[in-house]
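Here's the structure, in structure tokens; my notes come after.
In this note's numbering, the protein residues as written are 2 to 146.
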């Protein structure tokens, strides 16, 4: 009997779009159970950003995507701390992390515990940032609250 493969990924999942759906669908195709960390509002603010959709609604949306087996709050950036709690087998991340110096250390830590890191390309042309900018322009330049 083969071991069940648990996958983990994280994101803000603000203004949920096809890029988000593709990432979750592709991730689920590479594991038996997919756990998704949804970034809490306070952690989104560290990037000097603000989500349009509040955390409670974002996690509810993600929780109801058929590819997601569990959605949990992501309260800190350190993905290794989450591994210590969940012991997932595969970590799915965006390819913008690839070759980032700080990420190299993290990837080495995951290698030591046997976690495979899979990089997914970002969907070209669709992002929450672009959607936000478009909404801002449509509304006459007002900041989104």
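Cβ atoms here follow ideal geometry from the backbone N, Cα and C, with glycine treated the same way.
Asked                                                                                                                                               : Found
Once you ignore the five residues that flank residue 26 on each side, which residues in its own chain have a CB closer than 6 Å to its CB?          : 68
Whose C-beta lies closer than 7 Å to the C-beta of residue 52 among residues of the same chain, with five residues either side of it excluded?      : 13, 15, 42, 45, 59
Since residue 28 contacts residue 10 with CB under 8 Å, what's their CB separation in whole angstroms?                                              : 5 Å
Where do the N-terminal and C-terminal ends of the beta strand (DSSP E) with residue 38 fall, by residue?                                           : 34-40
Residue 75 to residue 114, Cα distance in whole Å?                                                                                                  : 21 Å
So within the stretch 56-127, which uninterrupted alpha helix (DSSP H) runs reach at least 4 residues, ignoring any that extend past its ends?      : 56-64, 80-87, 102-113
Can you tell me whether residue 5 is buried or exposed? The criterion is at least 16 other CB atoms within 10 Å of its CB, across all chains shown. : exposed
DSSP state of residue 7, grouped into three classes?                                                                                                : strand
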